[in-house]
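Below is one structure, written out as structure tokens, with a few remarks after it.
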Amino acid sequence: MAGLPPRRWLVRGVLSAVLVVLVAFSGVATLTYDEPTLRAGVTNVTPGSETVISSQGWHTQGISLSNRPAQLVSVDRSGAVSWIYNGTENTTNWFYDVDPLPNGNLLVVNPVEEETVVYEFDPETKERVWTERFDSPDIHDIDQINGDELLVAGINYDTGETSNDSVFVYNRTTENVTWRWRFANHYPDGAGPGVDAKDWTHVNDVDEFDDGEFLVSVRNMDQVIAVNRSTKRIEMRLGEDDDHSVLYEQHNPTYLESANGTPTILVADSENDRIVEYERAGGPAGNGTWERTWTLSGNLNWPRDADRLANGNTLVVDSMNNRVIEVTPSGQVVWEMHAPWATYDAERVAQGDEAGGPTMTDQNATGNATLHGGSHPGNDLPSVPAVVGGVAGVTPVSGELTELATRWKHVAPWLKPVWLPTWAFSVLGVGLLVALVWALGEGVYQRRRIRRRVGRSVGRVRDRLS
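According to the numbering used here, the sequence shown is numbered sequentially starting from 9.
Have a look at this one:
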């Protein structure tokens, strides 16, 4: 070892120091990390009713993890958990949409392996009043309309030449599909990932916002559209395929109207980590263009639901931060509930399926708001995209690097242990990469010595066997 050149030792010293710093940082970050648990956060206001929350959980290939539960949770006005329901189908169920019904029960969308189960759930008895099943395995949203009809966002993971994704109405009395709107009849084959893709549209939400008018979230096309049941025409369209400045793989849009009748859409702009509100320019008889009137951004991680409450605040599901927050128009968190894992939907029960509170225009609260006042999930550290964007600065690749870092922020929670913060997981990954590069470099530098030692070892083995 004494014959090694000093430069080699310097490189080794630097690499050793880098690894020590990375491991130490990960250890400190992990020790100061608050693992997601079911608990109340900020409670500066008292809601007018209980809040029901659905969590997607973690599941794949028939396996679910108990520390990443799929569940329904009801939180009373004081912030205490009043009940928890985790389904009864098998160990591989998960939850998406949950809607309060006029009779006090809940409509629950509960996919299981190979099919989607939807049922009316009685919170008092924890029993199902009725149950329907659809052979699509990952339907995200089903609404009850006109008493006995189910309005279904028909995501269909098929492998044919043409996707069968659709929105359809199922009549529970006649047990038949009475209306269907196929995306392939209204979108070009090349839209999104292409009509022959297994997951073409990823339609994830549908609501009836007026008699015979359906609001549809077409996630993979970055669009929210309004479809007329009678004519099957697209009457409004917010967003454009791959125009991520407007929407980027959004969830759970809500139709609102200002006092003068101006169409307004509030939506969780998921991949952009923000909540946005758009109104149709020109009032109710506008020319079809949209203007963003409100943006909520800050410490959000893949938000997937936003409802405008009657008091003018917004109920937000901050999915990968595993929480639900009530936010004022200025961005202040006034109510917070942590509800792991991968929180999906939340409703204030007394306000019904779509609360439909006042628009930001009617509140004179348009503009940009930054989230503040709530607990900081995990560590008090800036997000990975914020750091990457700051380091990249105004370099030509800053946009691409920031987008990649944002994707990583959304994906990492699905890969890492729940007790390990994303920063620690990321830094340990960098440390592993450094160690592998170091080992590869050592192997190349010491290749002759390695070859000689391997040759001697092989020779000894041969001598013993001969």
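Where a beta carbon is used, it is the ideal one built from N, C-alpha and C, also for glycine.
Exercise for the section: Report yes if the C-beta distance between alanine 314 and alanine 276 is below 8 Å; otherwise report no. Expected result: The answer is yes: Cβ separation under 8 Å.
Problem - Runs of beta strand (DSSP E) lying entirely within the stretch 65–104, each at least 3 residues, in chain order - result: With a minimum length of 3 residues, the continuous beta strand (DSSP E) runs that stay inside the stretch 65–104 are 79–83, 89–93.
Problem - Continuous alpha helix (DSSP H) stretch holding glutamate 450: start and end - result: It spans 430–453 - the alpha helix (DSSP H) in which glutamate 450 sits, taken as one unbroken run.
Practice task
Please work out which residues of its chain come closer than 6 Å, Cβ to Cβ, to threonine 99, disregarding the five sequence neighbours upstream and downstream, and give them in chain order.
Solution key: Low per-residue confidence applies at threonine 99: pLDDT is 49, beneath 50, and the placement is therefore not dependable enough to give any value.
Practice task
Scan the stretch 165–221 and note each continuous beta strand (DSSP E) run of 3 residues or more that stays entirely inside, going in chain order.
Solution key: Listed in chain order, they are 174–179, 184–190, 211–218.
Handout entry: lysine 424 and serine 391 closer than 8 Å at C-beta
Key = No, these two residues do not count as a Cβ contact at 8 Å.
Practice task
Please confirm whether glycine 381 and valine 341 have their CB atoms less than 8 Å apart.
Solution key: Taking 8 Å as the Cβ cut-off, glycine 381 and valine 341 qualify as a contacting pair.
Problem - Beta-ladder partner(s) of proline 108, from DSSP - result: Answer is Leu114.
Exercise for the section: Alpha carbon to alpha carbon, how far is glutamine 258 from threonine 8? Give it in angstroms, no decimals. Expected result: Here the chain comprises residues numbered 9 to 474, so residue 8 is not present and cannot be evaluated.
Practice task
Hey, could you find the ends of the alpha helix (DSSP H) threonine 414 is sitting in?
Solution key: In the DSSP assignment, threonine 414 falls within the alpha helix (DSSP H) that extends over 406–423.
Problem - Same chain, Cβ closer than 6 Å to glycine 87, neighbours up to 5 away in sequence not counted - result: Only Ala48, Thr51 meet the Cβ criterion.
Handout entry: Per-residue burial, valine 452 [other beta carbons within 10 Å of its own, 16 or more giving buried]
Key = Here valine 452 is exposed: its Cβ has fewer than 16 other Cβ atoms, across all protein chains shown, within 10 Å.
Practice task
Compare the beta carbon distance of alanine 420 and leucine 409 with 8 Å and say whether it is the shorter of the two.
Solution key: No; because the gap between Cβ atoms is not below 8 Å, this pair is not in contact.
Practice task
Would you identify the three-state DSSP class for tryptophan 17, choosing helix, strand or coil?
Solution key: Collapsing the DSSP output to three states places tryptophan 17 in a helix.
Problem - Nearest residue (CA-CA) to threonine 182, options His148, Glu140, Val214, Thr124 - result: Per the Cα distances, Glu140.
Exercise for the section: Report, in whole angstroms, the separation of the C-beta atoms of proline 108 and glutamate 355, which I expect to be a contact under 8 Å. Expected result: Rounded to whole angstroms, the Cβ separation of proline 108 and glutamate 355 is 5 Å, and the two are in contact under 8 Å.
Exercise for the section: Return the Cβ separation of tryptophan 310 and aspartate 281 in integer angstroms, given the expectation that the two are a contact with Cβ distance under 8 Å. Expected result: Confirmed, about 7 Å.
Problem - C-alpha gap between proline 404 and glycine 247, whole angstroms - result: When rounded, the distance between both Cα atoms is 26 Å.
Exercise for the section: Would you tell me roughly how many angstroms separate the C-alpha atoms of glutamate 287 and serine 266, rounded to the nearest one? Expected result: Taken atom to atom, the span from the alpha-carbon of glutamate 287 to that of serine 266 is near 9 Å.
Handout entry: Assumed close pair leucine 159, aspartate 151 - CB separation to whole angstroms, cut-off 8 Å
Key = About 5 Å separates the beta carbons of leucine 159 and aspartate 151, which is inside the 8 Å limit, making them a contact pair.
Exercise for the section: Excluding the 5 residues preceding and the 5 following leucine 27 in the sequence, name in chain order all residues of the same chain whose CB lies nearer than 7 Å to its CB. Expected result: Taken in chain order, the residues that qualify are Gly439, Val442, Ala443.
Exercise for the section: Return the chain-ordered list of same chain residues with a C-beta closer than 6 Å to the C-beta of arginine 180, the five sequence neighbours on each side being excluded. Expected result: Around arginine 180: Asp156.
Exercise for the section: Answer yes or no: do glutamate 279 and tryptophan 302 have a C-beta to C-beta separation smaller than 8 Å? Expected result: Between glutamate 279 and tryptophan 302, the gap from beta carbon to beta carbon reaches 8 Å or more.
Handout entry: Whole-number beta carbon distance between glutamate 43 and tryptophan 343, since they are thought to touch under 8 Å
Key = With a contact defined as Cβ atoms closer than 8 Å, tryptophan 343 and glutamate 43 miss out at about 22 Å.
Practice task
Would you kindly report the start and end of the unbroken alpha helix (DSSP H) that includes glutamate 394?
Solution key: The question names glutamate, but residue 394 in the sequence shown is alanine. Unbroken alpha helix (DSSP H) run through alanine 394: 392–400.
Exercise for the section: Apply the 10 Å Cβ neighbour rule to aspartate 218 and answer buried if 16 or more other Cβ atoms are within range, or exposed otherwise. Expected result: Sixteen is the threshold: since fewer than 16 other Cβ atoms of the shown chains lie within 10 Å of the Cβ of aspartate 218, the residue is exposed.
Practice task
Return the bridge partner residues of alanine 318 from the DSSP annotation.
Solution key: According to DSSP, alanine 318 bridges with nothing at all.
Handout entry: 8 Å contact criterion, which isoleucine 283 and leucine 255 should meet: CB distance rounded
Key = Between isoleucine 283 and leucine 255 the beta-carbon gap is near 11 Å, outside 8 Å, which marks them as no contact.
Problem - Secondary structure of arginine 237, DSSP reduced to three states - result: Here arginine 237 sits in coil by DSSP.
Handout entry: Of the listed residues Thr59, Ser63, Ala37, nearest to proline 119 (C-alpha basis)
Key = Nearest option by C-alpha distance: Ser63.
Practice task
Name the residue from Met328, Asn268, Asp370, Gly290 whose alpha carbon lies nearest to the alpha carbon of arginine 316.
Solution key: Checking every option, the nearest Cα to that of arginine 316 belongs to Asp370.
Practice task
Write down the C-beta distance between phenylalanine 129 and asparagine 111 rounded to the nearest angstrom, noting that I regard them as a contact closer than 8 Å.
Solution key: The beta carbons of phenylalanine 129 and asparagine 111 sit about 11 Å from each other, so the pair does not count as a contact at 8 Å.
Exercise for the section: Express the C-alpha separation of arginine 241 and glycine 220 in angstroms, rounding to a whole number. Expected result: Distance between the alpha carbons of glycine 220 and arginine 241: 12 Å.
Exercise for the section: Counting only the same chain and skipping the five closest in sequence on each side, list residues whose C-beta sits under 8 Å from that of aspartate 207. Expected result: Cβ-Cβ distances below 8 Å link aspartate 207 to Ile163, Tyr165, Pro201, Asn228 in the same chain, with the five nearest sequence neighbours on each side left out; the list follows chain order.
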